[in-house]
Structures are given as structure tokens and as C-alpha cells.
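The structure appears right after this line, and notes come after that.
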Amino acid sequence: MRLALTRDISPALARCELTHLEREPIDLEIARRQHDAYEHQLTIAGCSVVRLAAEDEMPDSVFIEDTAVVFDEVAVITRPGAGSRRGETAAVAAAMAAYRPVVHIEAPATIDGGDVLTVGRRVFVGESTRTNAAAISQLVRHLAPSGYTVHIVSVRGCLHLKSAVTAVSDDTLLINPEWVEVERFLPLTVIEVHPAEPYGANAVRVGAALIYPTAFPRTCARLEGRGFSVAQVDVTEIAKAEGAVTCCSLIFCASAP
Ligand code: CIR
6 MRLALTRDIS PALARCELTH LEREPIDLEI ARRQHDAYEH QLTIAGCSVV
56 RLAAEDEMPD SVFIEDTAVV FDEVAVITRP GAGSRRGETA AVAAAMAAYR
106 PVVHIEAPAT IDGGDVLTVG RRVFVGESTR TNAAAISQLV RHLAPSGYTV
156 HIVSVRGCLH LKSAVTAVSD DTLLINPEWV EVERFLPLTV IEVHPAEPYG
206 ANAVRVGAAL IYPTAFPRTC ARLEGRGFSV AQVDVTEIAK AEGAVTCCSL
256 IFCASAP
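If you want it as C-alpha cells, here you go:
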């Protein structure tokens, strides 16, 4: 069974962390409808969706991707880079314990799941404002026994590594070359975002299906032109909180708890 762990939108979403965006009013009702539609697409793509409850005092809790990095062998619970987000991990660790051995990134290390991109046994980690070298060392220690290699990537101009690059198949990346160096990912194949759509590098992959924002039609056309099947979702309200599509779920294979 493929499981997608998601988390409800907090009533406090308007007080979310923002790094590269100006604060704009967010319509909670629309954001919730968009989140429901996103979960529906995950279901269509074959995931069983398990939604955790939101917390009133955790504005960013919908962005569950940042709280854990899930491998077949282990779930690594992060220590988010933003202090306001550290309380989000406890409920996720408790939920993950039903599916995986759980290990924790310990202080003073910080890492957001949005900075970790796994392609086969290669784990790319963005060194960003949220993720530091101490966390990367701890991740290396947790993953070495399972044969993963960790590759550090500098991220500039965006929040997370996965704002700049995501995997759309086992050997193809969708990438914004302005924010990360394409050479770091060779020999993988790359599809570049349309230059007018810098935020368009974030796609959710579920098997052969992609879930992708309606906001980037020209990049979407590039994906479809390369034979990808794309389900589009409108996540414009969630994007005002500096979230994209990968950040709203943790997708992994699991047997029923
Ligand atoms: C934050 O700044 O932490 C949230 N407002 C957005 C997090 C988005 N996470 C992600 O893309 N992985």
C-alpha cells in the first residue's frame, strides 16, 4: 500500500513563516478546499491518505514534508530550521512509529524535509537557511548502514532544495537552473522549468503520475511534451504561505498498521 501522510491546515496559517514572499491575505476556506482537492489527487494516484489534525498554534503544520524524511528502512524526524515549527514533529514522529523505525535529528542541528531529495540510493541535501552541516552529518550517520550516499547541494534564491528541483521519474529531474547547479545532478536527465515560471520545479511524483500546480502551464506543457501524465491542482492559496505541492505530504510504501 502507498500511504500519503498529510496534515490539516492550521487556523493560524496567516501567521506562517515567510522568507522570499511578501505576506498576503490567505483565504482559509479556499486553502482548505485546495488541500482537499490535492488529497483527492493523491487518492486517484493510488495513495491511501492519512490526515493528521492541525494544531492551532502551529501555523505551518500543513507543510508536513518538512518534519520527516522517510526511507524504506527508517524515518528520520527532522529538527526544523524555523523555531516556530519545531513543535510540529512530535505528532508526525508518533504517527510514523506505526510504519518505520524512527530516528531523530538532534540539536543544534536543523534540517527541513523540503531540503532532501532522494533519487534511488542518492540523497541530495540542500544547504539552505533551514538546513545546516551538523544535520547533514547526522543524516549521513543514519543512512550509511542502508547504503545511501549523501550529496550536498548549495541552494540560492529559494527556500528549499525541492523549491528548485524534484524528481519526476527514476532518472529525470524537473529543475530551475537559477537556484541550483544542474551539474550536481549529472548524469540524471533534466527538464528545465520555463524561465517565466521560477517556482515551477516542484512536482509530486506518485509512481508514474505527477501532481503539479495549475500556476505553471508552460512548464506543465514541457512535462507533457516529454510524455509525463500530469494531474493539475490549484494551490494558489497554499502558495501564499510559501508552500508548494511536495510539502503537503509524506508519501511512502507501508503495510497497513
Ligand atoms: C515555511 O516557511 O516553513 C512555510 N511557510 C513553508 C514551508 C514549505 N515547505 C516546503 O516547501 N517543503
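Numbering (my numbering), first residue to last: 6 to 262. Backbone N, C-alpha and C fix where the C-beta goes; we use that ideal spot for every residue, glycine too.
Backbone secondary structure at residue i - three-state DSSP
i      : result
Pro262 : Note that Pro262 scores a pLDDT of 48, beneath 50, so its modelled location is shaky and nothing firm can be said.
Cys52  : strand
Tyr153 : coil
Leu122 : strand
Pro64  : coil
Pro218 : strand
Ile141 : helix
Ser89  : helix
Arg146 : helix
His25  : coil
Ala9   : strand
Ser159 : strand
Gly248 : coil
Arg189 : helix
Thr94  : helix
Where residue i falls, given that 16 or more other Cβ within 10 Å makes a residue buried
i      : result
Asp117 : buried
Ala95  : exposed
Thr194 : exposed
Gly131 : buried
Ala112 : exposed
Cys258 : exposed
Glu62  : exposed
Ala80  : buried
Met6   : exposed
Ala249 : buried
Arg231 : exposed
Arg28  : exposed
Gly212 : exposed
Arg90  : buried
Ser254 : buried
Leu10  : buried
Thr136 : buried
Glu247 : buried
His25  : exposed
Close Cβ partners of residue i (< 6 Å) along its chain, the five nearest in sequence each way excluded
i      : result
Phe190 : Leu178
Pro262 : Caution applies to Pro262, whose pLDDT of 48 falls short of 50 and renders its modelled position unreliable; the value that the coordinates give is listed next. Only Ala103 meet the Cβ criterion.
Ile110 : Thr83, Arg84, Ile116, Ala140, Gln143
Val121 : Val74, Val130
Ser260 : none
Ala50  : Val211, Ala214
Cys21  : Pro64, Asp65, Ala246
Contact check, residue i vs residue j, beta carbons under 8 Å
i      : j      : result
Thr83  : Asp65  : no
Leu144 : Val158 : no
Asp13  : Ala59  : yes
Ala208 : Thr241 : no
Ile35  : Ala19  : no
Val185 : Leu164 : no
Phe68  : Cys252 : yes
Ala236 : Gln46  : yes
Cys52  : Leu23  : no
Leu215 : Val187 : no
Leu228 : Ile196 : yes
Val238 : Pro218 : yes
Same chain, Cβ closer than 8 Å to residue i, neighbours up to 5 away in sequence not counted
i      : result
Ala17  : Asp61, Glu62, Met63, Pro64
Ala100 : Leu10, Val55, Leu57
His147 : Val79, Val81, Val108
Gly92  : Glu60, Glu62, Met63
Residues near residue i in its chain [Cβ-Cβ closer than 7 Å; skip 5 each side]
i      : result
Ala169 : Val160, Cys163, Ile180, Asn181, Trp184, Val185, Ala206
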